[in-house]
Amino acid sequence: MKKTVIKGADVLGRGRSDLLIADGRLVETGRLDIADAEVVDADGLVALPGLVDLHTHLRQPGYEESETVLSGSQAAAKGGYTAVCAMANSTPVADSPAVVEQVADLGRRAGYVDVQPIGAVSQGLEGRRLAEMGEMAQSQARVRMFSDDGKCVNDPLLMRRALEYAASVDGLIAQHAEESRLTEGSQMHEGAVSARLGMVGWPEVAETSIIARDVLLAEYLDARVHFCHVSTRRSAEIIAAAKKRGVAVTAEVCPHHLILTDHAAQGYDPVFKVNPPLRENDDVEALRSALADGTIDAVATDHAPHSAENKDCEWNAARPGMLGLETALSIAVEALGGPEDVDWNLVAERTSRTPARIAGLRAHGHDFDIGAEANLTLVDPGGRWTVYGNELSSLSTNTPYAGMELPVTVNATFLRGNATVRNGQLTEAMGEN
Amino acid sequence: MKHLIDTADLSREQAELLLHQAEEMSRAVSGREVPKLPALRGRTVVNLFFEDSTRTRTSFETAAKRLSADVVNFAAKSSSVNKGESLKDTALTLQAMGADAVVVRHGAAGVPERLATWLPSSILNAGDGLRGHPTQALLDAYTLQQRLGRLDGRTVTIVGDILHSRVARSNVWLLNTLGANVRLIGPPTLMPRRIESWPAEVGYDLDAALPDSDAIMMLRVQRERMLGGFFPSEREYSLRYGLDQRRAARLPEEAPIMHPGPMNRGLEIASAVADSPRTTIVDQVTNGIWVRMAALYLLLTNGDDE
Chain A
2 MKKTVIKGAD VLGRGRSDLL IADGRLVETG RLDIADAEVV DADGLVALPG LVDLHTHLRQ
62 PGYEESETVL SGSQAAAKGG YTAVCAMANS TPVADSPAVV EQVADLGRRA GYVDVQPIGA
122 VSQGLEGRRL AEMGEMAQSQ ARVRMFSDDG KCVNDPLLMR RALEYAASVD GLIAQHAEES
182 RLTEGSQMHE GAVSARLGMV GWPEVAETSI IARDVLLAEY LDARVHFCHV STRRSAEIIA
242 AAKKRGVAVT AEVCPHHLIL TDHAAQGYDP VFKVNPPLRE NDDVEALRSA LADGTIDAVA
302 TDHAPHSAEN KDCEWNAARP GMLGLETALS IAVEALGGPE DVDWNLVAER TSRTPARIAG
362 LRAHGHDFDI GAEANLTLVD PGGRWTVYGN ELSSLSTNTP YAGMELPVTV NATFLRGNAT
422 VRNGQLTEAM GEN
Chain B
87 MKHLIDTADL SREQAELLLH QAEEMSRAVS GREVPKLPAL RGRTVVNLFF EDSTRTRTSF
147 ETAAKRLSAD VVNFAAKSSS VNKGESLKDT ALTLQAMGAD AVVVRHGAAG VPERLATWLP
207 SSILNAGDGL RGHPTQALLD AYTLQQRLGR LDGRTVTIVG DILHSRVARS NVWLLNTLGA
267 NVRLIGPPTL MPRRIESWPA EVGYDLDAAL PDSDAIMMLR VQRERMLGGF FPSEREYSLR
327 YGLDQRRAAR LPEEAPIMHP GPMNRGLEIA SAVADSPRTT IVDQVTNGIW VRMAALYLLL
387 TNGDDE
């Protein structure tokens, strides 16, 4: 039986403690001296439940030059993740059992994180007819989240049907809230900066009007709805009001919306082009508060790798999106008070426990419960690192943080007790390859 | 000054230097039998136009030739760009050709900045999307100076489709830098949101703005905008924002009437007004050459190379 002892970690809620892992599960905690165990020195490190990302674009099948399930899984492990939810906008679209099973299988073979496919809401993401949600839910991929992300489910009747139907398979609709008529031709956030730069703006009301509508639909239908990449103060206000009324609404925020503003567009460097766009400082402050107080439930990366030719070009021609998996924890810590004042329990709540609960990933987001799968991350709270695109594990390099020094480093990540990252470096994973 | 991309980047000193240099160019060339200076002999200026614009391209070409530069016209529509070549590949081709200056017009804002990151050449923005057209603003300011003397404290009213106008954007910042008050008038649907952050007054009533305008600049209505539903009809636009004789008569007597061209006669400007001696439209074309000569000269020689 393989045994590993993590020695002297700062374990949430228990102070300094050792963790004994055997056969992929946590079996004992406390002060431990186990003779036949591999020892991991975790002195000075914080042990977190493994991070869970609700929103990852792995680009496979279809855009393997930008990312593959393997490379994306490696990037996730480096970022401290043990599970990622893979968005459905691949080619072909993940709107059938065959595609979601292919993605899940590629994830198992890669072996770095649990890859949970998200199914499309509508066939081909076309917003006309429901995808085979029941079949995807019953497939081996056991899909529970459905999203047309990249596109909004604009048609209110289709959204109603999706919310109703998802409930029958214990599913959840994750909405990309964007009233597309209000964002036609848009290139960045509509505000003083877009007015100045001569770019067509993406008004915040395009997001808030859909969120307001879907909150009312969910309330009317007594259904659950989840909002992807919430980006404005008003969105957070609508969600807070909905929660107060008891509507089953959850929301995520992306790291970049917690730290960057539309001012980043001023040099017209498309690395800062993202959808929804970077907003204003007032939005950033509101989103940080909403994340801290639980109005926004989770940090999700919207990890969106793009090949060089899709980013090293003029702004208008560039695809929206930025890398996120390897930098998310650092940005979340920064947004939740900085490494000196950070509440690690809150970090765990927003990056692991709650996203695991939203996605229905029962093996993740545990607080070191005896008997639970050992999916965890060791973080150096005093670590600092400088981001270089070409040093990231992703096949793409479109990080907005290039050259920036960020707080907190991931020292190790364990998936079912096996280290996928040790001393900050990827290990040979235990995939089925 | 290495590039001329955005009038908002120009200090008052730089803007005045450009206008002063334009005047010098006018003096140096006017009256010469061969209207040509040797200042840029041996230098290569590439006109890289992704959008059709015969006027602007010809003006830059004339300016470069009068400074004895070699001019390469790279009409992107008939080039490999049509075969899918990226902007960056085009830039690398220009670099291989040894372009000293690239004059670029493109339908997307920010293309000049992107070229400046890839190329060692000086970049002159000849219009990028909705963002800027700095030499147009400079020639407008030059023309206004000719008519009004100094711009300090003068009120310039710009009328029409501010939202889609790179001419308006470049003028707002340049005229403000030069001390003028800028007033923007047009339908609210054609004003950018958060325009209050601009150094300009904003209003919707043209009639009220006329009597205390020291100059008026009418913008072209792009007829394709009608499809976007920005205003109910051409008739209503013309009635509310068109400059007819009755309105022109309410301007102060000396106030020049400007238009960047081409004009929609009968829509934003009545023919009788367009053809009156108060308009500066022909002067603007001539002054465009002096201003573009000045810009090319200053960017390529730092003003210290005769």
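Protein chains in written order, with the working numbering: chain A, 2 to 434; chain B, 87 to 392. Beta carbons: idealized from backbone N, C-alpha and C, even for Gly.
Measuring C-alpha to C-alpha distances from A/Lys79 to each of A/Trp386, A/Glu433, A/Pro401 identifies A/Trp386 as the nearest.
Residues of the segment 189 to 202 of chain B with a C-beta less than 8 Å from any C-beta of chain A: His192, Gly193, Ala194, Ala195, Gly196, Val197, Glu199, Arg200, listed in chain order. Here B/Asn211 carries a strand assignment [DSSP, helix/strand/coil]. Residue-level contact by beta carbon fails for A/Asp263 and chain B, as no gap is shorter than 8 Å. Excluding its 5 nearest sequence neighbours in each direction, B/Leu153 has C-beta neighbours in its own chain below 7 Å: Leu123, Ala125, Leu126, Met379, Leu382, Tyr383, listed in chain order.
Its chain contains Gln188, Met189 as the residues whose beta carbon lies nearer than 6 Å to that of A/Met200, once the 5 sequence neighbours on both sides are disregarded; these appear in chain order. As DSSP reads the structure, A/Gln267 sits in no beta bridge.
Taking B/Arg332 as the centre and dropping the five residues before and after it, the same chain places no C-beta closer than 6 Å to its C-beta. When the five nearest sequence neighbours on each side are left out, the beta carbons in the same chain lying within less than 6 Å of the beta carbon of A/Thr92 are those of Gly63, in order along the chain. Note: A/Lys8 is bridge-paired with A/Asp42 in the DSSP secondary-structure output. Within a 10 Å sphere around the beta-carbon of A/Lys312 sit 16 or more other beta-carbons, which makes this residue buried. Residues of chain A whose Cβ lies closer than 8 Å to the Cβ of B/Gly218 are, in chain order, Gly199. Fully contained in the segment 143 to 208 of chain A are the following beta strand (DSSP E) runs of length 3 or more, in chain order: 173 to 176. B/Ile281 sits in a helix when the DSSP states are folded into three classes. Within chain A, Cys314, Glu315, Ala318 have C-beta atoms less than 8 Å from the C-beta of B/Leu173, given in sequence order. In the structure shown, the three-state DSSP call for B/Ser145 is helix.
Interface annotation, A/Tyr64: not in contact with chain B, CB-CB separation never under 8 Å. Not one beta carbon of chain A lies nearer than 8 Å to the beta carbon of B/Ser208.
For A/Leu416, the beta-bridge partners assigned by DSSP are A/Asn419.
Between the alpha carbons of A/Asp303 and A/Ala357 lies a distance of about 16 Å. About 18 Å separates the beta carbons of A/Ala299 and A/Glu327, which is beyond the 8 Å limit, so they are not a contact pair. Contacts with chain B at 8 Å (Cβ-Cβ) include A/Gly268. Inclusion of B/Arg217 and B/Ala195 in the CB contact set at 8 Å is warranted, their separation being smaller than that value.
For A/Thr378, the pairing in a beta bridge is given by DSSP as A/Leu49, A/Thr414.
Across the structure, B/Glu340 and B/Val307 are spaced so that their CA atoms are roughly 25 Å apart. Fewer than three beta-carbon pairs drawn from the segment 91 to 107 of chain B and the segment 96 to 106 of chain A are found closer than 8 Å, and the two stretches are therefore not classed as touching. Its chain contains Pro98, Val101, Glu102 as the residues whose beta carbon lies nearer than 7 Å to that of A/Ser140, once the 5 sequence neighbours on both sides are disregarded; these appear in chain order. Per the coordinates, the alpha-carbon of A/Asp370 lies some 9 Å from the alpha-carbon of A/Val28.
Counted as a single uninterrupted DSSP element, the stretch harbouring A/Asp223 is not any alpha helix (DSSP H), since DSSP gives it neither H nor E. Here the alpha carbons of B/Ala182 and B/Ala227 stand approximately 36 Å from one another.
For A/Leu362, there is no enclosing alpha helix (DSSP H), as DSSP gives it neither H nor E.
Using beta-carbon distances, A/Ala193 counts as an interface residue toward chain B, with a partner under 8 Å.
Here DSSP, grouped into helix, strand and coil, assigns B/Arg351 to strand.
Ranked by how close their Cα comes to the Cα of B/Ala155, the residues B/Gly289, B/Val132, B/Val377, B/Leu230 have B/Val132 in first place. With respect to A/Val104, A/His365 sits apart: the two C-beta atoms are not nearer than 8 Å. Under the 10 Å beta carbon count, B/Arg321 is surrounded by fewer than 16 other beta carbons and is classified as exposed.
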